[in-house]
Structure formats: structure tokens, C-alpha cells
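Participant:
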Amino acid sequence: MTIDWSWIADHTDDLTSLTLSHLEAALTAVLLGLLVSLPLAVIAHRVRPLRGFLLGASNVLFTIPSIAIFVLLLPVSGLTRTTTVIGLTVYSLVVLLRNTVEGLDSVPVRVKEAAKAMGTRPLRTLLTVELPLALPVIMAGVRIATVMSISLVSVATYIGDGGLGQLFTDGFQRNFPTPVIVGVVLTLLLAVVADALLVALQYVLTPWKRRRA
Amino acid sequence: MIQFDAVHKRFPNGTTAVHDLSLEMPEGGVTVLVGSSGCGKTTTLRMVNRMVEPTSGTIRVGGRDVTRQDAAELRRSIGYVIQQGGLFPHRTVLDNIATVPLLLGWNRRKARARAAELLETVGLAADAGKRYPHQLSGGQQQRVGVARALAADPPVLLMDEPFGAVDPVVRTQLQDELLRLQKELNKTIVFVTHDIDEAVRLGDRIAVFRTGGHLVQCAAPEELLARPADDFVAGFLGAERGLKLLSLRTLAAVPQGPAPDSGTWTLVLDEARRPLHWRSADDAERPVRPLGDSDSLLSALNESVASPTGLIARVDADGELTGVTSRDDILEHANRAHAELGVAA
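Respectively, the protein sequence lines represent chains A and B. Letter by letter, the first sequence follows residues -10 to 202 of our numbering. Letter by letter, the second sequence follows residues 218 to 562 of our numbering.
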């Protein structure tokens, strides 16, 4: 199996736009997932009776195969980017919800009590004490969700989207390995770079975790 | 002043934490709540800033019913210190201390300036301000906790076993600091502990609680040690309560005489007349721990027992020898103190 380097050189523009499109789908899904999971996680954390239901329901979502989700969405949003993003959002949501609830649970009771006793109201406590302290666990979820979404985008090739995934179908159909290899390498690169950037972001956001006494 | 009037607290699970409590905690004084665990002392403290709501009865701080005030605003007006400080791990020491001023809407600059000032007040170096709590020792964290409680200069301070998690040496230091601070600041302090020695040391008044949330006795430390209300209080104070009483009396009124310059043992002084040690006729040496007027009869007795002559060396503020006092004089004084107070056996 040899790589046809000239094919790569001839298609740099296509590869760039596919990579960007791939990244955009994955990141939009993670951001939407965060937006939806955050309030749900706060509810699951605060309202004990709803906790089991929310986490259970999200776990059920996770068991649906990704292709099935796209197919189920077809009557709603058709063969569009929207379908891709909704599908991916569902998966990142599950990971983010679980981690955010876990992160909120990990905040020491003593610290929350102290915030309350100082006269901090609940919303401010959530925003300035609980979420920052939950951040390391939430970020662990964001990293998993991001890498997972980047790898899942390709599945949306079946509904005509799929970013770099299109290189796989192209390569298979023509029995021409170069696009497949390039697709795999670019997907991997995207995942690794995105993950490294998230680690850096977490470092910036959690200054208290840096120097150990 | 903090007033509890017929306050009752029953938890949803049916346990009574505080039973019909009426108690006044005087303004500018330290009221210590003591008792074994589960006696309701912490619940009592937490009802003052509404961390726990009473089932019935009223609690007034400065004459105002606490339940008629906005809980968050009330809490900002009351300092709160808990074990290990309960510091925010993600905020620098300075920002921890500035918590309440920022909640009160001070601008960040002013709040930080106030926090820096408080670092000094509680005896921490200025460079500790930029650190995070986990980079400090337990004792330092506790000091930050005190500074944070003092930040908005509240008239009332609630301290829930604040020194429970530090070693005995640091604990004594922190107690000394608190006494020093209190002399300057004159806060109304409510202090919870299960350590009776800490209570005797810090309290202007001590309230002893019994399991089930009953207040058994509330009195000044001397009164409590001299005349415990019942066997429970006597038992809680321990078998050495007579000696503990001596820890509250100072040496000031005990007479002193000149140091012996001949005999088996003589007191050796340095050129500034500060006692160095005891020396015997055959050149053996024994240590001496000089005491000042503010030291207690208990330490005097302790020192006299350790001294080879039964004499203690008395010094002034500069450490210069003023005279010696015999064990007999100390004992006689101790005896008189007990008789005066009518100490019950």
C-alpha cells in the first residue's frame, strides 16, 4: 500500500475545507452539549429525586448506535449539517452530564457551607465556588466528549456529511488507499491537537492546581 | 449582645438538638459553648447566623430577631470561622479574606487592601497573600480563616471548633493570638469547643451543655470551676478542676522575698540579673523557668515542684530577677483563693 503524494498535493484545498468542516461539526456538538448538560447537571445535583432519572435517561441515549440516531433524525432535519450536529450533541451530552454531576458532587461540603455562612447566595455560590471547583472533572468530560465527537463525525458520511469521513468512502469506492490514510491521519491529528489545547486551557483556568506546596 | 429566648430545635428525624434554651451572650465577651458531641452546642452556634433555623423561640443579635432579616445579609454581618478554616481552595489567601467585603459590594482594590491589612493583624507574612490555601500549614490556614471572618469588621464572631484540627503547640499559639486580638477588637464571640481547658482559657463565660440539648450551667470560668451546678458539670470539668481554677489566678498578689545567696542551692544570674539556673554547693546545675506577675498560680506551683529549693524565680517584664517565692506561699495563696470562692469538694 503506497501513498500517492501527488494526490495529496492536488487536493490541499479540499483537505483543508474537509478538516475545518469536520472540526466545526465536532466543536459545535461539544459546545451545545455543554450548554444543555450544564443546567441538567445542576438540576441532577440539587434535586436528588431527578438525579437517577436524568443520568439513567442519558445512559439509554448512549446505547443507541450512532448511525441509528442519524437515521432517526432524518425525518426531522433531513440530510443536513443540523442532523450531524444534533446526533453528536446527544453523545457529548451524555459524557458531559455525567462528569459535570460528578464534578459538582466532588466539591467539599465544608467549602459550600463556608460560602453560605459568609453570606453567598446560591446562584453566586454555584458560579463562583461550585463550578470552578468542579472544573477539573468537567474538563475531563470535555476532553472525552471532544475526542469522541471528532471520531464520530465520520459516521455522518452516511447522511452525506461527515467531514474527513468522506475521504474514507471516496477511497473505498475507488479502491484507492491514499484518501483513507490521509483521512485517518488528519482525524487523529485533530483529536490530538484538540486534546492538547484543552489540557492547556484547563491549566490556564485552574491556577490553584499548578504549584503544589 | 446575643439573646436566646426559649429556643428549641428539633431536626426532621425527630432528635431534639437544643432544648428550651434561654441564654444571653454579653456584648464584647467570649461565650464558650462546651459539651460532648451531640449536645447541641454547634447547632446553637449555627442558629445565630441562620445556618440552622430554630423550631421555636427567638434569637436576637443586637436586639434584632435574626429570622426577620435576610439570611444572606445577616450572615455577611457575622464573622464565621470553622475547623481547618473552610477556605476556598481555588482562591488565593488574599481573595479568601476579601470574600465578605466583595459580597458587600466593595471594589476589588479596597477589598484587597483590607485583606492585606488583616494578614498582618492575624500574624501572617504579606507574601502569604498570593498563595493558595493548600500551600499553607494547618495553623496558617486557621489564621486565614480568622482573618476572613474579621474582614468586614463584624461585631459578632462565631467560631465552631476553630482550633480542633491543629496540634497542641499551634493550638496554644492560636488561642494566645485570639486573646490578644480580642483585647484590641472587643468582638462578641461565640466559641464552640469540646475541650474544657480551651474553654477555661478563652471564655469570659462558659455554657455547659448536656446531651439532648440541655444547657446545664452558664457561668464565668472561676464560678464554674468553684461551684459546678451538678455532678454532670463537675464530671465534665474533670478531677483537676481545683488546679484548673489556679490557672485563672495570677501570681501578682503572692509575696516575694530575696533570693538565697548561700545554702545548698543558689540562683545563678547573668550580668543583666536574669536567672540562668540553680547551682548546688557541689556544682550541679538545675534549670529554672522564671515567672512574671501575669503567670498563673498553676504554673507557679508546677515550677515550684520542679525547683530543687521549692522556690520560684520572679522576674519583671525585662526578665530581671525581682525576688523568689516559696512553695508554701503559693500553696497558701491557692488555698485562700479556693476558700474565697467557696470551692465545693
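Just so it is clear, CB atoms sit at the ideal spot from N, CA and C, and this is done for glycine as well.
Terminal residues of the continuous alpha helix (DSSP H) containing B/GLU557?
Facilitator: Within the second sequence, numbered from 1, the residue matching residue 557 of chain B stands at position 340. Residues 544 to 558.
Participant: Residues in the same chain with beta-carbon distance under 6 Å from B/ALA554, minus the five sequence neighbours each way, listed in chain order, please.
Facilitator: Position 337 of the second sequence, counting from 1, holds the residue named residue 554 of chain B. Once the five neighbours on either side are set aside, the close Cβ partners of B/ALA554 are ARG466.
Participant: Between the segment 186 to 201 of chain A and the segment 361 to 372 of chain B, do three or more beta carbon pairs fall short of 8 Å?
Facilitator: No, they do not touch.
Participant: State yes or no: is the C-beta of B/VAL251 within less than 7 Å of the C-beta of B/THR410?
Facilitator: Working through the second sequence from its first residue, we reach residue 251 of chain B at position 34. Working through the second sequence from its first residue, we reach residue 410 of chain B at position 193. Yes, they are a contact pair.
Participant: From B/VAL247 to B/LEU375, what does the alpha carbon distance come to, in whole angstroms?
Facilitator: Counting from 1 along the second sequence, the entry for residue 247 of chain B is found at position 30. Counting from 1 along the second sequence, the entry for residue 375 of chain B is found at position 158. Roughly 10 Å between the two C-alpha positions.
Participant: Taking Cβ positions only, does A/TYR192 come closer than 7 Å to chain B?
Facilitator: One-based indexing of the first sequence puts residue 192 of chain A at position 203. Output row for A/TYR192: interface = no.
Participant: Under three-state DSSP, which class holds B/GLN220?
Facilitator: For this step, residue 220 of chain B is matched to residue 3 along the second sequence. Here B/GLN220 sits in strand by DSSP.
Participant: Tell me the DSSP secondary structure of B/PRO297 in three-state form.
Facilitator: Along the second sequence, read from residue 1 onward, the residue named residue 297 of chain B stands at position 80. The identity of residue 297 of chain B in the sequence shown is Tyr, whereas the question assumes Pro. Strand at B/TYR297.
Participant: Beta-carbon separation of A/VAL142 and A/ALA57 under 7 Å?
Facilitator: For the purposes of this step, residue 142 of chain A is taken as residue 153 along the first sequence, with counting starting at 1. For the purposes of this step, residue 57 of chain A is taken as residue 68 along the first sequence, with counting starting at 1. Contact: no.
Participant: Quick one: which chain B residues come within Cβ less than 7 Å of A/PRO121?
Facilitator: Reading the first sequence from its first residue, position 132 is the one you call residue 121 of chain A. The answer, in chain order, is HIS307.
Participant: What are the boundary residues of the beta strand (DSSP E) that B/SER497 is part of?
Facilitator: As a working note, residue 497 of chain B is residue 280 in the second sequence. From DSSP, the beta strand (DSSP E) with B/SER497 extends over 492 to 497.
Participant: So is B/ARG531 buried or exposed if we call it buried at 16+ other beta carbons inside 10 Å?
Facilitator: One-based indexing of the second sequence puts residue 531 of chain B at position 314. By the neighbour-count rule (16 or more Cβ atoms within 10 Å), B/ARG531 is buried.
Participant: Please identify, using Cβ separations under 7 Å, the residues of the segment 312 to 338 of chain B that lie next to chain A, in order along the chain.
Facilitator: THR316, VAL317 and LEU320
Participant: Using only CA atoms, which one of B/LEU518, B/GLY455 and B/GLY459 lies nearest to B/VAL471?
Facilitator: Within the second sequence, numbered from 1, the residue matching residue 471 of chain B stands at position 254. Ranking the options by Cα distance to B/VAL471, first place goes to B/LEU518.
Participant: Which residue or residues does DSSP assign as beta-bridge partners of B/GLU502?
Facilitator: For the purposes of this step, residue 502 of chain B is identified with residue 285 of the second sequence, where counting begins at 1. Note: B/GLU502 is bridge-paired with B/ARG496 in the DSSP secondary-structure output.
Participant: Please classify A/PHE157: is it buried, with 16 or more other beta-carbons within 10 angstroms of its beta-carbon, or exposed?
Facilitator: Residue numbering aside, residue 157 of chain A sits at position 168 when the first sequence is read from its first letter. A/PHE157 is classed as buried because its beta carbon has at least 16 other beta carbons within 10 Å across all chains shown.
Participant: With a threshold of 7 Å between beta carbons, is A/ALA202 in contact with chain B?
Facilitator: The sequence position of residue 202 of chain A within the first sequence is 213, counting from 1. At A/ALA202, the pLDDT of 42 sits below 50, so the modelled position is not reliable; the number obtained from the coordinates is stated separately. It does: the Cβ of A/ALA202 has a partner Cβ on chain B nearer than 7 Å.
Participant: At a CB-CB cut-off below 8 Å, which residues of chain A make contact with B/MET268?
Facilitator: Indexing the second sequence from 1 puts residue 268 of chain B at position 51. By Cβ distance, chain A contributes GLU102, LYS105 and ALA106.
Participant: Would you mind telling me which residues of chain A sit closer than 8 Å to B/ALA289, beta carbon to beta carbon, in chain order?
Facilitator: Sequence index remark: in the second sequence, residue 289 of chain B carries index 72 (1-based). Under the 8 Å cutoff, chain A gives GLY108, THR109 and ARG110.
Participant: Measuring only between beta-carbons, confirm whether A/ARG99 sits less than 7 Å from chain B.
Facilitator: Within the first sequence, numbered from 1, the residue matching residue 99 of chain A stands at position 110. It does; some Cβ of chain B falls within 7 Å.
Participant: Just checking my contact of A/LEU62 with A/GLY76 at CB under 8 Å: how many whole Å lie between their CB atoms?
Facilitator: One-based indexing of the first sequence puts residue 62 of chain A at position 73. One-based indexing of the first sequence puts residue 76 of chain A at position 87. Yes, they are in contact, since the Cβ atoms of A/LEU62 and A/GLY76 sit about 6 Å apart, within 8 Å.
Participant: Would you mind sorting A/SER95 into buried or exposed? The rule is 16 or more other CB atoms within 10 Å of its CB.
Facilitator: The sequence position of residue 95 of chain A within the first sequence is 106, counting from 1. When all chains shown are included, A/SER95 counts as exposed.
Participant: Under the assumption that B/PRO243 contacts B/MET264 (Cβ atoms under 8 Å), give the Cβ distance between them as a whole number of angstroms.
Facilitator: As a working note, residue 243 of chain B is residue 26 in the second sequence. As a working note, residue 264 of chain B is residue 47 in the second sequence. About 18 Å separates the two Cβ atoms, so there is no contact after all.
Participant: Which chain B residues are close to A/TRP(-6), counting only those with a beta carbon under 8 Å from its beta carbon?
Facilitator: Counting from one through the first sequence, the residue named residue -6 of chain A turns up at place 5. Residues of chain B passing the Cβ test: none, with the nearest at roughly 50 Å.
Participant: Go ahead and label A/ASP150 buried or exposed: buried means 16 or more other beta carbons lie within 10 angstroms of its beta carbon, across all protein chains shown.
Facilitator: Working through the first sequence from its first residue, we reach residue 150 of chain A at position 161. Buried is the call here.
Participant: Going by alpha carbons, who is nearest to B/GLY280 out of B/ARG329, B/PHE453 and B/ASP222?
Facilitator: Here residue 280 of chain B refers to the residue found at position 63 of the second sequence. If we check each option's Cα against that of B/GLY280, B/ASP222 comes out closest.
Participant: Measuring CB atoms only, is the segment 325 to 344 of chain B touching the segment 291 to 300 of chain B, in the sense that at least three cross pairs come out at less than 8 Å?
Facilitator: no
Participant: Taking its Cβ as the centre, do 16 or more other Cβ atoms sit within 10 Å of B/GLU401, making it buried, or is it exposed?
Facilitator: The count along the second sequence starts at 1 and reaches residue 401 of chain B at position 184. With fewer than 16 other Cβ atoms within 10 Å, it is exposed.
Participant: Would you mind telling me which residues of chain B sit closer than 7 Å to A/VAL118, beta carbon to beta carbon, in chain order?
Facilitator: The count along the first sequence starts at 1 and reaches residue 118 of chain A at position 129. Near A/VAL118 (Cβ distances below 7 Å), the residues of chain B are PHE305.
Participant: Rounded C-beta distance between B/GLY296 and B/ALA366? I'm assuming under 8 Å.
Facilitator: Translated into the one-based positions of the second sequence, residue 296 of chain B becomes position 79. Translated into the one-based positions of the second sequence, residue 366 of chain B becomes position 149. The Cβ separation is near 3 Å, so the contact holds.
Participant: Taking Cβ-Cβ distances below 7 Å as the criterion, which residues of the segment 394 to 420 of chain B are in contact with chain A?
Facilitator: none
Participant: Listing by chain order, which chain A residues have their CB less than 9 Å from the CB of B/ARG292?
Facilitator: As a first step, residue 292 of chain B is located in the second sequence; it is residue number 75 there, counting from the start. Residues of chain A passing the Cβ test: LYS105, ALA106, MET107, GLY108 and THR109.
Participant: Show which residues of chain A have a CB atom less than 8 Å away from the CB atom of B/ILE299.
Facilitator: The residue you call residue 299 of chain B lines up with position 82 of the second sequence. Result: ARG99, GLU102, ALA103 and ALA106.
Participant: Leaving out the 5 sequence neighbours to the left and right, which residues in its chain are closer than 7 Å to B/VAL235 when beta-carbon positions are compared?
Facilitator: On the second sequence, position 18 is the one that residue 235 of chain B refers to. Within the same chain, B/VAL235 has close Cβ partners VAL224, HIS225, LYS226, GLY257, THR260, THR261 and GLY430.
Participant: Near B/GLY274, what residues of its chain come up, given a Cβ to Cβ distance below 6 Å and the 5 sequence neighbours on each side ignored?
Facilitator: Taking the second sequence and counting its residues from 1, the one referred to as residue 274 of chain B is at position 57. Same-chain partners within the cutoff: ASP222, ALA223, VAL224 and HIS225.
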